[in-house]
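Working notes, beginning with the structure itself.
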Amino acid sequence: MTASSDQDHAAAARRLATIEAGGTKFNVGIGNGSGAILSQAEFETRAPDETFAQVRAWLDCEIDRSGPIAAIGIASFGPIDVDRTSVGWAHLGLTPKLAWRGADMAGWLRGYGVPIALDTDVNGAALGEWRWGAARGTARACYLTVGTGIGGGAVLDGKMLSGRSHPEMGHMYVRRQPGDPFAGACPIHGDCLEGLASGPAIRARWGTSLSGLPAGHPGQALIAEYLAQACINIAVTLAPEKLILGGGVLGTTGLLERVRERFEALANGYLAGFAAKDIVRPEFFPLSGLVGGLAIAEMALAQSGR
Numbered sequence: 116m117t118a119s120s121d122q123d124h125a126a127a128a129r130r131l132a133t134i135e136a137g138g139t140k141f142n143v144g145i146g147n148g149s150g151a152i153l154s155q156a157e158f159e160t161r162a163p164d165e166t167f168a169q170v171r172a173w174l175d176c177e178i179d180r181s182g183p184i185a186a187i188g189i190a191s192f193g194p195i196d197v198d199r200t201s202v203g204w205a206h207l208g209l210t211p212k213l214a215w216r217g218a219d220m221a222g223w224l225r226g227y228g229v230p231i232a233l234d235t236d237v238n239g240a241a242l243g244e245w246r247w248g249a250a251r252g253t254a255r256a257c258y259l260t261v262g263t264g265i266g267g268g269a270v271l272d273g274k275m276l277s278g279r280s281h282p283e284m285g286h287m288y289v290r291r292q293p294g295d296p297f298a299g300a301c302p303i304h305g306d307c308l309e310g311l312a313s314g315p316a317i318r319a320r321w322g323t324s325l326s327g328l329p330a331g332h333p334g335q336a337l338i339a340e341y342l343a344q345a346c347i348n349i350a351v352t353l354a355p356e357k358l359i360l361g362g363g364v365l366g367t368t369g370l371l372e373r374v375r376e377r378f379e380a381l382a383n384g385y386l387a388g389f390a391a392k393d394i395v396r397p398e399f400f401p402l403s404g405l406v407g408g409l410a411i412a413e414m415a416l417a418q419s420g421r
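So for the sequence shown, the numbering used here puts the first residue at 116; every next one is plus one.
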């Protein structure tokens, strides 16, 4: 058996806990270092104490049933302090979910006595897709999720893009289209990308989801335009090899194809090494963040030296 196969076998045997902490729901799972989710559960996001009580109860049952875990990886909604050297590490910032402001996302889990690491849910999704999914084999990949909010994550040369802070790609500004009267739905910035093209923004505009609009409705092209502009911004700034578009809004029939078409027109042949075909769907959606939590848990082990 080769050293590589020994490592693969050890990774597959090691049990890791993963948590995708969302503003609407928490996904929690047990998996391994090969990216496989072995068991999982989903809980509604309520008050912090109540939510983590459910998470802990589920983890306790899984540990009793199938054995101990080696580490915990958390892919969390934000904004969150991801700077390991900060006194506020793992604490949420000015999230719209008021009860969660200041919450210590690692605090409820320290009792397990295993290494813990965390990053944003979209950075986690990017990492999971880079390790085992739609961007495997690349050096640089980005993930943009378009749903209840818009967020972006990036893996650059094998490392998630974060430091003192984390990417907030959903709050980039795009060029408002002529004749678009919508003021924007972002409570902070108004007409940033999230304010113009997220699920709530779409519903505020037209009273329904993007997929609920009739075929040929101009809203389809408008949202594709804003998302294509965002893709251009990401491509020219971070030079990814793959740009993954996920989230519920991307489930709209034909939207990815529209985004690719507008991206090609906006790029106008300028970009070297990246084309519309490199804008792809996630392999693990809707569990990209949960899979990414396994990779984050592996980071926790590496940081601890175990």
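Glycine is no exception: its CB is placed at the ideal position from the N, C-alpha and C atoms.
Contact check, residue i vs residue j, beta carbons under 9 angstroms
i	j	result
glycine 268	proline 282	yes
glycine 248	proline 355	no
threonine 139	threonine 166	no
glutamine 335	glycine 369	yes
leucine 358	cysteine 257	yes
aspartate 272	arginine 255	yes
alanine 387	glutamate 376	no
phenylalanine 192	alanine 156	no
Inter-residue Cα distance where the pair is residue i and residue j
i	j	result
aspartate 121	glycine 203	Low per-residue confidence applies at aspartate 121: pLDDT is 49, beneath 50, and the placement is therefore not dependable enough to give any value.
leucine 233	serine 403	15 angstroms
arginine 171	threonine 133	12 angstroms
glycine 294	leucine 337	11 angstroms
glutamine 418	tyrosine 385	40 angstroms
aspartate 306	isoleucine 184	44 angstroms
phenylalanine 158	alanine 380	42 angstroms
alanine 394	serine 277	According to the sequence as given, residue 394 is isoleucine; it is not alanine. Each residue's alpha carbon lies about 22 angstroms from the other.
leucine 153	arginine 129	11 angstroms
histidine 206	proline 329	43 angstroms
isoleucine 189	alanine 316	28 angstroms
glutamate 340	alanine 415	39 angstroms
valine 229	serine 181	17 angstroms
leucine 174	tryptophan 223	12 angstroms
glycine 420	arginine 320	51 angstroms
arginine 246	asparagine 238	12 angstroms
glycine 299	aspartate 179	49 angstroms
serine 201	isoleucine 195	11 angstroms
glycine 226	glutamate 413	19 angstroms
leucine 353	methionine 275	12 angstroms
glutamine 344	valine 351	11 angstroms
threonine 260	cysteine 176	32 angstroms
alanine 218	proline 163	7 angstroms
arginine 291	glycine 327	23 angstroms
glutamate 309	isoleucine 187	30 angstroms
Span of the alpha helix (DSSP H) around residue i
i	result
glutamine 418	403-419
arginine 373	370-382
isoleucine 359	Counting along the chain, isoleucine 359 falls outside any alpha helix (DSSP H), though it belongs to the beta strand (DSSP E) covering 357-361.
aspartate 164	163-181
leucine 242	236-247
glutamate 398	Looking at the DSSP string, glutamate 398 is not in any alpha helix (DSSP H), and its letter there is neither H nor E.
glycine 310	308-312
Limits of the unbroken beta strand (DSSP E) element including residue i
i	result
tyrosine 341	Not the beta strand (DSSP E): tyrosine 341 falls in the alpha helix (DSSP H), residues 333-353.
isoleucine 189	186-191
phenylalanine 389	Looking at the DSSP string, phenylalanine 389 is not in any beta strand (DSSP E), and its letter there is neither H nor E.
phenylalanine 141	140-147
glutamine 155	152-159
glutamate 283	Taken as a continuous stretch (DSSP letters only), glutamate 283 belongs to no beta strand (DSSP E), as it is neither H nor E.
arginine 255	255-261
arginine 130	130-136
valine 202	Per DSSP, valine 202 belongs to no beta strand (DSSP E) and is neither H nor E.
isoleucine 265	265-271
Minimum Cβ-Cβ distance from residue i to chain C less than 9 angstroms
i	result
asparagine 147	In the structure shown, chain C does not exist; there is a single protein chain.
Cβ distance (whole Å) where residue i is taken to contact residue j below 8 angstroms
i	j	result
leucine 325	valine 374	That pair is no contact at about 12 angstroms.
glycine 266	glycine 252	Their Cβ separation, rounded to whole angstroms, is 24 angstroms, which puts glycine 266 and glycine 252 out of contact at 8 angstroms.
isoleucine 347	alanine 382	6 angstroms
Using a Cβ distance threshold of 8 angstroms, determine whether the segment 207-220 contacts the segment 234-242, with at least three qualifying pairs required. No contact exists between the segment 207-220 and the segment 234-242.
Three CB pairs or more closer than 8 angstroms across the segment 405-413 and the segment 141-155: Verdict: yes, contact present.
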